[in-house]
Structures are given as structure tokens and as C-alpha cells.
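Heads up, the thing below is written out as C-alpha cells.
Numbering (this note's numbering), first residue to last: 1496 to 1725.
Next comes the structure, spelled out in C-alpha cells:
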């Protein structure tokens, strides 16, 4: 989740904890942000690989840029943490990083899944989905999956510092995850989920693209390219 100024960040933290601790409460309103562009924003990395985001969402009075992405690899359709998705094609694979509702949206999963869709997720998410009738692949940090034309390496994702007193939004014990998708074209995509810069990230190696949580001043839908990683 993007964190802005201290005042805005506090609002967003409150929104997150409201979602985590009072799921289903009618006071929590989730929808499309007025700052979302009319059409999704895409980054084409090659003839076979394209990444798309639908842009900003709104929780109560807070706008933020979610961790939700669609990845098109040839004819394969992948979603990671789908959340407030507009019209979209059905998924072959849906990857969920953790159980917070802005990453694990039951509504979006149901909308995007077809009978043969495989949901890759940590155990806490699988518990939420066990009555869905969907195909679930439960993972934990360190797992490696072979999925058709890609190999998925499951990374840990956690916070190093608490957000309030001793409470961490994403503790190690939760076994939240990120994913490295290694495509058979040699391209490597990393989706961090919600994590700090943890020691395990030093072992990632060179990546084609990294989708990571950042702190920023405002919600921004403009597409930018980072410079080469060191």
C-alpha cells in the first residue's frame, strides 16, 4: 500500500486496520477512486509479456494504489492480488500474497476465476477460500512451483518494525509471501506483496521487473520506468 504524508499515512493505516479487524462491516466502503484513469495502464515488456494495472482504489476517505496486477504471458492470464478489477478476462492462475482484504478480495477472485483456475496462496488465505469450490495450491516461503511455462519461487514478506507499539501489520509468523515468476523466455518478475526491505531480498538476483510497495507523496497513475538496478 502506498503511504503518503504522515497525516495521510495515518488515515491509510487506520483504513487498513479497519479492513483487517472489522471485515464485512458496513462502515468500510471500498470502491473505485476518482483518481483512477478511464482505461487500464499497461507496460509491454516483450511480444509475449504485458503487465496491466487498473489504478487507484478508495477505502472510505483514503485513496491508494493497490498491489493488484494482471500479467499476460502469451495466452496465459495471471492475476496477483486482484482488487476492485473492472471488466477483465478470466484467469488461469491467481496469486494471493496474504489475507488482508485489499489483497485477498473474495469478490474479485470469484469474478475472475473459471473452473480450471488455480489459486496460489498462503494457508491463511486458503482458509478463507476453503468453501469456494476453487482449486487451491497452498504455499509458504521457500516453496517452488512449476506451472506450465513458468517457475514460481515463493518469497517471504514481512515487516521489520511495528506500526503501533509492538504490533506489526505483517509479522514473520503470518507467513505472508511474495512471488518471483520465472518465465521460460528468461524474463523474471517479482511481486513483493507487503514487505519491508528484508534480508532475503538480497538473494533475488537480477529481475526484469519488480512490483513493490513504496512510500510516496500522492496517488499517481503515470507510468514510469525505473533506471537499471545496481
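We put the beta carbon where it would ideally sit given N, CA and C, even for glycine.
- In this structure, 1586 is the residue among 1586, 1603, 1633 and 1563 with its C-alpha nearest to the C-alpha of residue 1612.
- When the beta-carbon positions are compared, residue 1669 and residue 1617 come within less than 9 Å of each other.
- The stretch 1541 to 1553 makes contact with the stretch 1564 to 1575: 3 or more CB pairs, one atom from each, lie closer than 8 Å.
- By the neighbour-count criterion, in which a residue is buried when 16 or more other Cβ atoms sit within 10 angstroms of its Cβ, residue 1588 is buried.
- The continuous alpha helix (DSSP H) containing residue 1605 extends over residues 1601 to 1607.
- In the DSSP assignment, residue 1585 falls outside any alpha helix (DSSP H), carrying neither H nor E.
- Between residue 1678 and the set 1593, 1621, 1647 and 1533, the nearest pair of CA atoms involves 1647.
- Looking at 1526, 1634, 1702 and 1645, the one whose alpha-carbon comes closest to that of residue 1578 is 1526.
- One alpha carbon belongs to residue 1601, the other to residue 1591, and they sit about 11 Å apart.
- Cβ neighbours of residue 1599 within its own chain (closer than 6 Å, five residues either side excluded): 1591 and 1620.
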